[in-house]
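Asker:
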Amino acid sequence: MDEEMLSMEKNKVWDFVELPEKEKQPITCKWIFKRKRDGKYKARLVARGFMQKKGVDYTETFSPVISMPSLRLVLVLILQENLHSYVMDVKTAFLE
């Protein structure tokens with residue numbers, strides 16, 4: 903939990919704000935704990951976005967996920983231009 907909290911503080915992923923109008927409710931969060939295959943434990947603080955109401959709390963959604971055709975195109979360009987690509991693991995990811 904400490905590592906997750908430090909990561910969120912370091913990346914400045916939240917701010918304290920005034921509570922919204924009465925018809926809007928703040929999104930709550932909860933800790934999710936998981937034991938990994940290597941025996942280590944992972945703690946994540948997750949937002950409970952299912953509590954939102956479309957048109958009241960938000961008007962649109964967006965998910966930055968690459969499609970397979972786009973990924974293939976990028977890989978072909980890497981090969982054609984004789985570039986290098988690297989695979990990496992992102993330890994923390996913050997969705998907005």
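This note's numbering puts the first residue of the sequence shown at 903, with every later residue one more than the last. Ideal Cβ positions, reconstructed from N, Cα and C, are used throughout, including at glycine.
Would the beta-carbon of T975 fall within 9 Å of that of S987?
Answerer: The question names Thr, yet the displayed sequence has Leu at residue 975. The answer is no: Cβ separation not under 9 Å.
Asker: Indicate the three-state DSSP secondary structure (helix, strand or coil) for I934 in the structure shown.
Answerer: It is a strand residue.
Asker: Whether or not the segment 924 to 937 and the segment 947 to 955 are in contact is what I'm after, with contact meaning three or more pairs of Cβ atoms, one per stretch, closer than 8 Å; do they touch?
Answerer: These segments touch.
Asker: Compare the Cα-Cα distances from M903 to each of K944, F918 and N984 and report the closest residue.
Answerer: Taking only the C-alpha atoms, the option nearest M903 is K944.
Asker: Whole angstroms are fine: how far does the CA of D917 sit from the CA of M910?
Answerer: M910 and D917: Cα-Cα distance of roughly 11 Å.
Asker: Apart from the five residues just before and just after A949, which ones in its own chain have a Cβ nearer than 7 Å to its Cβ?
Answerer: These residues qualify, in order along the chain: I929 and C931.
Asker: My guess is that E1011 and R946 are in contact by the Cβ rule of under 8 Å, so how many angstroms apart are they, rounded?
Answerer: An answer regarding residue 1011 cannot be provided, because it is not within the stretch 903 to 998 covered by the chain.
Asker: Among residues of its own chain, excluding the 5 on either side of I934, which ones have a beta-carbon nearer than 7 Å to its beta-carbon?
Answerer: Only R946 and V948 meet the Cβ criterion.
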